[in-house]
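Novice: Sharing a structure here in structure tokens format.
Protein chains: 2
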Amino acid sequence: MPRLTLRIDFDQNRAIGPGKIKLLELIDNLGSIAAAGRQMGMSYRRAWLLVDSVNHCFRHPVVASQAGGQHGGGASLTELGRAVVRHYRAVESAAQTAAAADIEALSAALAERGPEPADTVGRKTHRLALSLTT
Amino acid sequence: MPRLTLRIDFDQNRAIGPGKIKLLELIDNLGSIAAAGRQMGMSYRRAWLLVDSVNHCFRHPVVASQAGGQHGGGASLTELGRAVVRHYRAVESAAQTAAAADIEALSAALAERGPEPADTVGRKTHRLALSLTT
């Protein structure tokens, strides 16, 4: 079943998309920026910078960090953070429903099988490229 | 005004998104893969590989290339190519309409101004990173 992925650009510097939202959801589940980043295969620094950029995007922070404590600092979503995730997922699901007929039309036009293995495609590509440039 | 960008993943190997669709539209306007690619700042090779991947994605080609002729080969969208662009743009517009309320809710929560200049953010980031790791 085809899957729609969305990015919302608010302006030239501010956007949210599937990566940031997934990270926020994992922080909500795991209570830690480091653990959430690890699960997405990113460094702590990268995860932290993403969180920082979303925090600066909105009027209030979306992630609250608690430093220290017996088990080290944790992180959790603020009320706004949960609302951001909820609205993004609602955009996704409204879009998927509204666009179902056109997505179905595109799916109906797909080739029966997926692309051929890379080496075959490579050879064909080469032949066709030659015929196009002559 | 916020802008929604969509990618449709049909399966693990086949997807269409804003880049491929823009390229198809430019080919339709300019009648040339090379000219369309140039306008998007990509090499002929890259443009050609993108076209090739969309051609293999669907049951029939979306771009038809004519080799030779007095002015060299040209390219145009097939009927299927035009339909693919039309359905993708319809998905986009249906999604934007259906998701308007949630996008508006997200926009209302944006900070008044965009992110601060890079050097200020850098300094803040450093301070906050220190407080998080202690």
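Here the protein sequences come in this chain order: A and B.
Per our numbering, the very first residue in the first sequence carries number 481; after that it's consecutive.
Per our numbering, the very first residue in the second sequence carries number 481; after that it's consecutive.
A virtual CB, placed ideally from N, CA and C, is assigned to each residue, including glycine.
To the nearest angstrom, how far is the alpha carbon of A:Arg518 from that of A:Ser533?
Specialist: If you take the alpha carbons of A:Arg518 and A:Ser533, they lie about 18 Å apart.
Novice: Strictly under 9 Å for the Cβ-Cβ distance: is A:Ala544 near chain B by that measure?
Specialist: Judged by the 9 Å Cβ criterion, A:Ala544 is not in contact with chain B.
Novice: Within a Cβ cutoff of 7 Å, which residues of the same chain sit near B:Arg494, ignoring the five residues on either side of it in sequence?
Specialist: Here the set comprises Cys537.
Novice: Cutting at 6 Å between CB atoms, please list the residues of its own chain near A:Tyr524, excluding the five before and the five after it.
Specialist: Closer than 6 Å at the Cβ level, and outside the excluded window around A:Tyr524, lie Ala514 and Gly517.
Novice: Report, in whole angstroms, the separation of the C-beta atoms of A:Ile507 and A:Ala555, which I expect to be a contact under 8 Å.
Specialist: Indeed they touch by this definition, with Cβ atoms about 5 Å apart.
Novice: Quick one: does B:Ile501 have its CB under 9 Å from some CB of chain A?
Specialist: No, its Cβ sits nowhere closer than 9 Å to a Cβ of chain A.
Novice: Could you compute how far the alpha carbon of A:Asp582 sits from the alpha carbon of B:Thr577?
Specialist: Answer to the nearest angstrom: the Cα atoms are 15 Å apart.
Novice: Please list the terminal residues of the continuous alpha helix (DSSP H) segment that includes A:Thr577.
Specialist: Here the alpha helix (DSSP H) through A:Thr577 covers Glu559 to Ala578.
Novice: From B:Ala544 to B:Glu559, what distance separates their C-alpha atoms?
Specialist: Approximately 10 Å, taken between the alpha carbons.
Novice: Out of A:Met522, A:Ala585, A:Glu584 and A:Gly499, which has the shortest C-alpha to C-alpha gap to A:Val565?
Specialist: For A:Val565, the nearest C-alpha among the options comes from A:Gly499.
Novice: Quick one: does A:Ser587 have its CB under 9 Å from some CB of chain B?
Specialist: Taking Cβ atoms only, chain B reaches closer than 9 Å to A:Ser587, which makes this a yes.
Novice: Can a CB atom of chain B be found closer than 9 Å to the CB of A:Ala575?
Specialist: A:Ala575 counts as touching chain B.
Novice: Which value, in whole angstroms, describes the spacing of the CA atoms of A:Ser573 and B:Ala547?
Specialist: Taking the straight line joining both Cα atoms gives about 44 Å.
Novice: Determine which residues of the segment 504-527 of chain A have a Cβ less than 7 Å from any Cβ of chain B, and write them out in chain order.
Specialist: Cβ contacts with chain B: none found.
Novice: Residues of chain B with a CB under 9 Å from the CB of A:Leu486: which are they?
Specialist: Under the 9 Å cutoff, chain B gives Leu484, Thr485, Leu486, Arg487, Ala575 and Ala579.
Novice: By DSSP, does B:Asp491 sit in helix, in strand, or in coil?
Specialist: The answer is coil: DSSP assigns B:Asp491 none of H, G, I, E or B.
Novice: Could you name the residues that DSSP lists as bridge partners for A:Gln546?
Specialist: DSSP, once it has assigned bridges, lists A:Gly554 as partnering A:Gln546.
Novice: Identify each residue in the segment 553-567 of chain A for which the Cβ-Cβ distance to at least one residue of chain B is less than 9 Å, and report them in chain order.
Specialist: The residues in question are Gly553, Ala555, Leu560, Ala563, Val564, Arg566 and His567.
Novice: Quick check on this structure: which residue in A:Arg562, A:Ala580, A:Leu590 and A:Arg593 has the alpha carbon closest to the alpha carbon of A:Leu504?
Specialist: For A:Leu504, the nearest C-alpha among the options comes from A:Arg562.
Novice: For A:Thr605 and chain B, any beta-carbon pair shorter than 9 Å?
Specialist: For A:Thr605, the predicted model reports a pLDDT of 44, less than 50, meaning its position is unreliable; a value from the coordinates is still stated below. Taking Cβ atoms only, chain B reaches closer than 9 Å to A:Thr605, which makes this a yes.
Novice: According to DSSP, simplified to helix, strand and coil, what is A:Arg539?
Specialist: Coil, per DSSP.
Novice: Under DSSP, the alpha helix (DSSP H) around B:Pro498 begins and ends at which residues?
Specialist: Pro498 to Leu510 is the extent of the alpha helix (DSSP H) around B:Pro498.
Novice: If you check the beta carbons only, do B:Arg636 and A:Leu590 fall under 9 Å apart?
Specialist: This structure gives no information on residue 636 of chain B, because the portion of chain B shown stretches from 481 to 614.
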